[in-house]
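Numbering (my numbering), first residue to last: 82 to 144. Comments concern the structure below.
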Amino acid sequence: MELQVRHLGKTFGSGQHSKEVLRDISFALRSGEFLSLVGSSGSGKSTILRLIAGLEQPSSGQV
Numbered sequence: 082m083e084l085q086v087r088h089l090g091k092t093f094g095s096g097q098h099s100k101e102v103l104r105d106i107s108f109a110l111r112s113g114e115f116l117s118l119v120g121s122s123g124s125g126k127s128t129i130l131r132l133i134a135g136l137e138q139p140s141s142g143q144v
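Pasting the structure below:
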């Protein structure tokens, strides 16, 4: 099994009030591999996980 994330992006809001929180995130994981997401509070770690889990829809790219 493989997990592929290609050109993932997420924007919240619309128009003048939109906020791009993720831009062009890409990686692939094969069975048995691990990935660590490291970053400060508000850097998008939970958003990436929610997109991978299908709890939110990406603004661009695909999982």
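The C-beta atom is built at its ideal place from N, Cα and C for all residues, glycine as well.
(message) Which same chain residues end up closer than 8 Å to Gly113 when comparing Cβ atoms and leaving out the 5 residues on each side of it in sequence?
(response) none
(message) Taking a contact to mean a Cβ-Cβ separation below 8 Å, would you say Lys100 touches Ser140 in this structure?
(response) no
(request) Can you tell me which of the three DSSP states Ser117 falls into? (result) coil
(request) For my contact list, Arg87 and Ser107 are in at a C-beta cut-off of 8 Å; report their separation, rounded to the angstrom. (result) 5 Å
(request) Mind reading off the beta-carbon distance from Leu118 to Lys126? Whole number of angstroms is fine, and I expect it under 8 Å. (result) 4 Å
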